[in-house]
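The structure appears below as structure tokens.
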């Protein structure tokens, strides 16, 4: 039985750690480097860093944040935001990232999945899917930090990127993000049944029971943001509760 990973997700804008609801209404909640170190020391299995601005003129500041963080932590670091080429991926790998998470870049250029997987290994290529549940109950993949609908159905797209060489899916539920109301178990379970690469569930982490159900539904990792950033819980507390409930976790 694989160990479930607990993965703090840190969204960054202009050198600040920020958080919103449904990927909107962003507010500053701290500094990314400090938070990353705190979560790593508290037992996080990995970290995810996402640059929500991803603008070229701020790129060097972002690279420096990644580099300084990677020098201080000793767990895998995934970096996303504005990665649109193998050269972009290489820049962040050199700065200390272990994986890159890409959404918009691979929607516009699907072959980028294969190119990065060939260059760095499939384990380094994380396909980021930001998904919105529509009024009719169907789901759609969005890009540009959840602002732009793509017309893509999530499971079909997940199968496509897995076939192109992605080693992992970061599945973000926009409609649950920041609500503490739980991951979308329906979509998670459907996707897990149809693809063979690991899935990290993201968006909505709240009650422990929902986290357990997410693992039972096929999540290999649980990305957590608001619950940690607003100090409603800690990595250690979450892992302890999951372990007590029988989830295979590194404590």
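Numbering (the working numbering), first residue to last: 1 to 251.
Glycine included, every Cβ here is placed at the ideal spot set by N, Cα and C.
Going by C-alpha to C-alpha distance, which of the options sits closest to residue i?
i: residue 113; options: 164, 156 and 240; result: 164
i: residue 172; options: 136, 201, 14 and 86; result: 201
i: residue 197; options: 228, 122 and 136; result: 122
i: residue 240; options: 208, 31, 232 and 225; result: 208
i: residue 182; options: 154, 214, 166 and 151; result: 214
i: residue 226; options: 17, 5 and 76; result: 17
i: residue 8; options: 229, 206, 249 and 97; result: 229
i: residue 244; options: 212, 232 and 199; result: 212
i: residue 157; options: 180, 108 and 86; result: 108
i: residue 120; options: 94, 105, 249 and 42; result: 94
i: residue 161; options: 115, 29, 248 and 249; result: 115
Which residues in the same chain as residue i place their Cβ atom closer than 8 angstroms to its Cβ, once the five residues preceding and following it in sequence are excluded?
i: residue 80; result: 48, 49, 50, 51, 100, 101, 102, 103, 126, 128 and 170
i: residue 154; result: 129, 131, 139, 140, 141, 171, 187 and 191
i: residue 75; result: 40, 44, 45, 46 and 47
i: residue 92; result: 63, 66, 79, 83 and 100
i: residue 96; result: 66, 67, 69, 70, 71 and 77
i: residue 232; result: 180 and 226
If I measure Cβ to Cβ from residue i and keep anything under 7 angstroms in the same chain, skipping five residues before and after, which residues do I get?
i: residue 174; result: 22, 23, 130, 131, 132, 142, 146 and 203
i: residue 68; result: 33
i: residue 134; result: 140
i: residue 206; result: 180, 181, 182 and 227
i: residue 36; result: 10, 47, 69 and 73
i: residue 176; result: 182, 183, 184, 203 and 204
How would you label residue i, buried or exposed, when you count the other beta carbons within 10 angstroms and need 16 or more for buried?
i: residue 11; result: buried
i: residue 210; result: buried
i: residue 188; result: buried
i: residue 46; result: buried
i: residue 4; result: buried
i: residue 246; result: exposed
i: residue 71; result: exposed
i: residue 87; result: exposed
i: residue 60; result: exposed
Tell me residue i's beta-bridge partners as DSSP assigns them.
i: residue 168; result: 126
i: residue 27; result: 19
i: residue 5; result: 221
i: residue 142; result: 130 and 149
i: residue 249; result: 4
Once the 5 residues before and after residue i are set aside, which same chain residues still bring their CB inside 6 angstroms of it?
i: residue 54; result: 81 and 82
i: residue 151; result: none
i: residue 149; result: 140 and 142
Pairs of beta-carbons, one from the stretch 189-196 and one from the stretch 208-220, closer than 8 angstroms: are there three or more? Yes, since at least three Cβ pairs between the stretch 189-196 and the stretch 208-220 fall closer than 8 angstroms, the two stretches touch.
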